[in-house]
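Single-structure report; data block below.
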Amino acid sequence: MAMQNKKVAAILDLVADYLEMDGVDFRTKAYRRAAHTVDFLTQPIEEVHKKGGLEKLPGIGKAIALKIAEILDTGSLQYLEELKKQYPVDFEVLLLVEGLGPKTIKLLYQELGVKDLDDLEKEARRGHIHRLKGMGVKSEKKILENLEFAKKSTGRRLLGEILPLSQELKERIGSLPEVEIVEIAGSIRRRKETVGDIDVLTVTSDPQKVMDYFINLDLVGGVISHGPSKSTIRLKDGMEVDLRVFKKEEYGSALVYFTGSWELNVELRKIAISRGLKLNEYGVFKGDEQLAGRTEEDVFQALGLSYIEPELRENRGEMEAALAGKLPELVEKSDIKGDLHLHTQWSDGRSSILEMAEAAQKRGYQYLAITDHAQGLPVAGGLDEIALKEQMIEIDAVNDELDNIHVLKGVELNIGPDGSLDIDNEVLEELDVVLAAIHSGVPFKEGTLTDIILDVLENEYVDILAHPSGRKLKKRPAYDINLEKVFETAKETGTILEVDGQPQRLDLNDENIRMAIKYGCHLALDTDGHHTRDLDYMELAVSTARRGWAEAHDVVNTLPLKKFLKLF
Ligand code: DGT
Ligand code: CA
Ligand code: CA
Numbered sequence: 007m008a009m010q011n012k013k014v015a016a017i018l019d020l021v022a023d024y025l026e027m028d029g030v031d032f033r034t035k036a037y038r039r040a041a042h043t044v045d046f047l048t049q050p051i052e053e054v055h056k057k058g059g060l061e062k063l064p065g066i067g068k069a070i071a072l073k074i075a076e077i078l079d080t081g082s083l084q085y086l087e088e089l090k091k092q093y094p095v096d097f098e099v100l101l102l103v104e105g106l107g108p109k110t111i112k113l114l115y116q117e118l119g120v121k122d123l124d125d126l127e128k129e130a131r132r133g134h135i136h137r138l139k140g141m142g143v144k145s146e147k148k149i150l151e152n153l154e155f156a157k158k159s160t161g162r163r164l165l166g167e168i169l170p171l172s173q174e175l176k177e178r179i180g181s182l183p184e185v186e187i188v189e190i191a192g193s194i195r196r197r198k199e200t201v202g203d204i205d206v207l208t209v210t211s212d213p214q215k216v217m218d219y220f221i222n223l224d225l226v227g228g229v230i231s232h233g234p235s236k237s238t239i240r241l242k243d244g245m246e247v248d249l250r251v252f253k254k255e256e257y258g259s260a261l262v263y264f265t266g267s268w269e270l271n272v273e274l275r276k277i278a279i280s281r282g283l284k285l286n287e288y289g290v291f292k293g294d295e296q297l298a299g300r301t302e303e304d305v306f307q308a309l310g311l312s313y314i315e316p317e318l319r320e321n322r323g324e325m326e327a328a329l330a331g332k333l334p335e336l337v338e339k340s341d342i343k344g345d346l347h348l349h350t351q352w353s354d355g356r357s358s359i360l361e362m363a364e365a366a367q368k369r370g371y372q373y374l375a376i377t378d379h380a381q382g383l384p385v386a387g388g389l390d391e392i393a394l395k396e397q398m399i400e401i402d403a404v405n406d407e408l409d410n411i412h413v414l415k416g417v418e419l420n421i422g423p424d425g426s427l428d429i430d431n432e433v434l435e436e437l438d439v440v441l442a443a444i445h446s447g448v449p450f451k452e453g454t455l456t457d458i459i460l461d462v463l464e465n466e467y468v469d470i471l472a473h474p475s476g477r478k479l480k481k482r483p484a485y486d487i488n489l490e491k492v493f494e495t496a497k498e499t500g501t502i503l504e505v506d507g508q509p510q511r512l513d514l515n516d517e518n519i520r521m522a523i524k525y526g527c528h529l530a531l532d533t534d535g536h537h538t539r540d541l542d543y544m545e546l547a548v549s550t551a552r553r554g555w556a557e558a559h560d561v562v563n564t565l566p567l568k569k570f571l572k573l574f
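Residues in the sequence shown are numbered from 7 upward in steps of one, following our numbering.
Structure representation (structure tokens):
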């Protein structure tokens with residue numbers, strides 16, 4: 007349901023992007039505001055529409071209400087199609103290049119005829135871009151760097167975006183009485199941060215019926231192939247989905263095979279051969295006899311391995327660990343006792359402190375930390391010392407009102423270009439949890455960023471370094487910092503490192519996490535949530551940590567409240 011809201015919001019945002027090419031005016035702002043309203047709506051936009059309530063939404067007037075109705079009724083928007091004709095550029099792809107906004111894209115199109123990433127690369131390499139008005143050698147170089155990044159990621163989609171969609175598919179296929187088992191395999195099951203396509207496996211008494219149902223789902227935009235044991239479709243949003251049917255006695259080996267990774271499969275096959283066995287998607291065989299295949303556990307056991315959790319299956323040493331019986335006991339979602347990074351209406355969040363606390367309570371947490379932005383980030387409505395003190399009073403009131411949940415007082419400091427923090431120490435001292443993070447692009451002098459972060463780690467008031475690497479998936483690479491030095495110092499100072507569960511961040515990433523643990527650092531798994539529903543991102547933070555081989559004792563917010571408070 008939220009998918010529909012997201013889709014409508016994305017279309018409105020795209021209209022705003024097109025309008026912005028001609029300069030920001032009231033129309034651009036109106037579409038942006040409408041997109042924001044729809045994105046953060048708590049009910050499905052479809053329902054609001056059915057009740058005739060679109061116009062009553064904040065920031066949505068008659069004209070935009072009509073446009074939203076058109077999107078919901080027809081799946082597209084004529085006005086957007088006209089705007090697209092006016093500027094025949096591959097806008098959505100070019101916007102993926104960090105640093106390119108609507109106005110720059112217009113300039114590049116009008117001056118150099120840039121329509122897509124290839125054109126952009128050509129013009130940048132020829133040195134044509136830095137001569138344009140408002141551009142320079144530095145921005146040309148940055149465009150080339152970020153372009154490489156955008157190229158690599160086009161086609162792949164964010165796990166956080168595809169996971170809910172794949173779960174919906176699974177539920178719908180599973181709702182057929184003929185379906186005995188249905189499971190999502192592939193990179194999604196391994197919880198890889200980006201996803202190429204969706205792989206679904208099923209066991210059913212009536213393959214034909216399941217395949218027919220599958221290719222006729224309302225989400226389907228096109229059918230690529232349709233057969234009794236395998237079909238491939240393209241969803242309306244472009245993502246491909248494979249559905250494969252297996253017999254019950256093959257299901258476990260099929261799941262191992264199609265969960266991958268490809269690299270691990272190669273190693274597993276080698277192990278099988280070394281034991282005089284054969285492994286494929288239909289089972290483990292000795293000659294013609296199937297020794298195992300019904301469950302994954304059976305398959306691993308037949309190969310002499312302990313069960314490898316899907317998140318570990320990347321051929322990063324998990325097979326050796328499984329052979330030696332030395333696999334980690336991975337942290338689980340049920341181990342998590344609280345969320346430590348949350349924004350509210352006090353800064354740029356959409357929910358109140360009370361709403362966030364109730365949402366945390368519903369998820370069975372013992373505590374949550376309210377960590378709104380501080381004044382160094384005015385665009386996010388950052389708080390000064392006085393506002394923070396007022397907020398503490400509200401937190402006390404919420405704590406008085408609610409049972410079984412404790413709201414911790416916190417803040418997310420912004421690390422300034424000179425390394426300064428944006429709240430006085432006297433106020434920091436009154437807080438339970440202090441996060442610090444870099445938010446801006448690259449105003450830091452080269453070579454100094456690592457030093458600045460090391461200084462922040464040395465600051466006794468800073469408890470957690472938030473989104474430490476600064477990468478944004480499909481948008482920009484990590485900051486140019488020496489993370490190993492950061493981990494080494496964080497271990498010494500006891501500063502906790504965040505695993506931020508926002509779909510675009512997942513920062514630290516899996517490999518960073520594993521390194522941080524080797525250095526003996528502790529992690530905070532949290533969501534950086536700006537809305538009550540964002541608390542669901544904990545699933546992403548947990549699976550990223552699992553991919554980094556994290557165990558419960560590596561994670562501070564697996565501690566119950568009392569022990570957690572002693573840590574600070
Ligand atoms: P993706 O879709 O790019 O995010 O990544 P995966 O891992 O889901 O890859 P995909 O969809 O191409 O294939 C699913 C799994 O099937 C893959 O992880 C391993 C297995 N697989 C597919 N083709 C081969 C193959 O030719 N050899 C081996 N060993 N495994 C394969
Ligand atoms: Ca896949
Ligand atoms: Ca596939």
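Beta carbons are placed, not taken as given, at the ideal position from N, Cα and C, and that holds for glycine.
| query | result |
| --- | --- |
| In terms of residue numbering, what span does the alpha helix (DSSP H) encompassing HIS55 cover? | 51 to 56 |
| Looking at VAL561: is its Cβ nearer than 8 Å to the Cβ of LEU531? | yes |
| Under the three-state reduction of DSSP, which class applies to ASP542: helix, strand or coil? | helix |
| Taking 8 Å as the threshold, find out whether the segment 131 to 140 comes into contact with the segment 221 to 237 through three or more Cβ pairs. | no |
| CB-CB under 7 Å to GLY59, same chain, minus the five flanking residues each way: which ones, in chain order? | none |
| With contact counted as at least three CB pairs below 8 Å, one residue from each stretch, are the segment 224 to 232 and the segment 197 to 212 in contact? | no |
| Using the C-alpha atoms, what's the distance from ILE194 back to GLY107? | 31 Å |
| Quick check: is any heavy atom of ligand 1 less than 7 Å from the C-beta of PHE252? | no |
| Counting C-beta neighbours from all protein chains within 10 Å, is the total for THR160 16 or more, i.e. buried, or is it exposed? | exposed |
| Pick helix, strand or coil for SER237, following the three-state DSSP scheme. | strand |
| Where the beta carbon is closer than 6 Å to any heavy atom of ligand 2, which residues qualify, in chain order? | GLY192, SER193, GLY202, ASP203 and ASP205 |
| Starting from the Cα of GLU154, find the closest Cα among ILE66, VAL103 and VAL272 and give me that residue. | VAL103 |
| Using only alpha-carbon positions, find the residue among LEU441, TYR373 and GLU335 that is nearest to PRO566. | TYR373 |
| Quick check: does the Cβ of ALA263 come within less than 7 Å of any heavy atom belonging to ligand 1? | A small correction: the amino acid at residue 263 is Tyr; Ala does not occupy that position in the sequence shown. Answer for TYR263: yes, Cβ within range of ligand 1. |
| Report the rounded CA-to-CA distance for GLU167 versus ARG356, giving the unit in angstroms. | 20 Å |
| Go ahead and pull the three-state DSSP assignment for LEU126. | helix |
| Kindly confirm or deny that the segment 531 to 547 and the segment 340 to 359 touch, where touching means at least three C-beta pairs closer than 8 Å. | yes |
| What do you get for ILE190, buried or exposed, if any count of 16 or more other CB atoms within 10 angstroms of its CB means buried? | buried |
| Does the Cβ of ASN518 lie closer than 7 Å to at least one heavy atom of ligand 1? | no |
| Whose C-alpha, out of ASP31, GLU129 and GLU26, is nearest the C-alpha of TYR93? | GLU26 |
| Can you check which of these residues, THR200, LEU489, GLY133 and ASN11, is closest to ILE149 by C-alpha distance? | GLY133 |
| Ordered along the chain, which non-local residues of its own chain (more than five positions away) have a Cβ less than 8 Å from that of ILE431? | At residue 431 the sequence reads Asn, which differs from the Ile that was named. For ASN431, where only same-chain residues beyond five positions count, the Cβ hits under 8 Å are TYR467. |
| Could you say which of GLU326, GLU315, ALA22 and GLU436 lies nearest to ALA36 if we only look at CA atoms? | ALA22 |
| Taking just the CA atoms, how far does GLU256 sit from GLY229? | Position check: residue 229 holds Val in this sequence, whereas Gly was assumed. VAL229 and GLU256: Cα-Cα distance of roughly 26 Å. |
| Could you spell out where the alpha helix (DSSP H) holding TYR525 opens and where it closes? | From DSSP, TYR525 is part of no alpha helix (DSSP H); its letter is neither H nor E. |
| Taking only heavy atoms of ligand 1 into account, decide whether any of them is closer than 7 Å to the Cβ of ASN515. | no |
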